[in-house]
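Just so you know, we're using full-length UniProt numbering here: the sequence shown kicks off at 1 and counts up by one. Notes for the one structure printed next.
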Amino acid sequence: MGKRKKSTRKPQGPKKSVTVKLEKKIGVGQLSCKVCGQSFQTGINYLSAAVDVYSDWIDACDTVAKDAAGDDPRDSSYGYHEPESRLAVEDYADREPLAATEGSIDDDGD
Numbered sequence: 001m002g003k004r005k006k007s008t009r010k011p012q013g014p015k016k017s018v019t020v021k022l023e024k025k026i027g028v029g030q031l032s033c034k035v036c037g038q039s040f041q042t043g044i045n046y047l048s049a050a051v052d053v054y055s056d057w058i059d060a061c062d063t064v065a066k067d068a069a070g071d072d073p074r075d076s077s078y079g080y081h082e083p084e085s086r087l088a089v090e091d092y093a094d095r096e097p098l099a100a101t102e103g104s105i106d107d108d109g110d
């Protein structure tokens, strides 16, 4: 039996195309991309690293892309799902309210 072929991903741009400068004294991280010319600035703290600025940039790009596409966060496959059927308030308008039973909590505060 032969060896399996190794699947490698090709880089999106040249190596070191993104530079990050951390100015921890003033609390600012700056990122610039040599390929597309984009620049990004975010707040940092003493624990921040270059990867934190990069991940903030990626998150900001995703947010802008979703806003431009008009995506509704409820349409995403993770998390929120609309119920199949909704009951209107009118469906319950003709019903009488339940009587308070022993052990129930009253609004009187007694």
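We put the CB at the ideal spot given by N, CA and C, even for glycine. No experiment lies behind these values; they were computed from the predicted model shown.
Hey, how far is the Cα of residue i from the Cα of residue j?
{"i": "T19", "j": "G70", "result": "31 Å"}
{"i": "K66", "j": "I26", "result": "31 Å"}
{"i": "K34", "j": "Q41", "result": "15 Å"}
{"i": "D59", "j": "G29", "result": "15 Å"}
{"i": "A50", "j": "G37", "result": "18 Å"}
{"i": "D56", "j": "A68", "result": "18 Å"}
{"i": "T63", "j": "S48", "result": "21 Å"}
For residue i, collect the residues of the same chain with a Cβ closer than 7 Å to its Cβ; drop the 5 residues on either side in sequence, then sort them by chain order.
{"i": "K24", "result": "I44, Y46"}
{"i": "S17", "result": "C33, K34, V35"}
Please classify residue i as buried or exposed, where buried requires at least 16 other C-beta atoms within 10 Å of its C-beta.
{"i": "V53", "result": "buried"}
Mind checking who residue i pairs with in its DSSP beta bridge?
{"i": "T42", "result": "G29"}
Quick one: residues in its chain with C-beta nearer than 8 Å to the C-beta of residue i, no 5 flanking neighbours on either side, listed in chain order?
{"i": "P14", "result": "K34, V35"}
Grab me the residues of residue i's own chain with a C-beta within less than 6 Å of its C-beta, minus the 5 sequence neighbours each way, in chain order.
{"i": "L31", "result": "V20, F40, V53, W57"}
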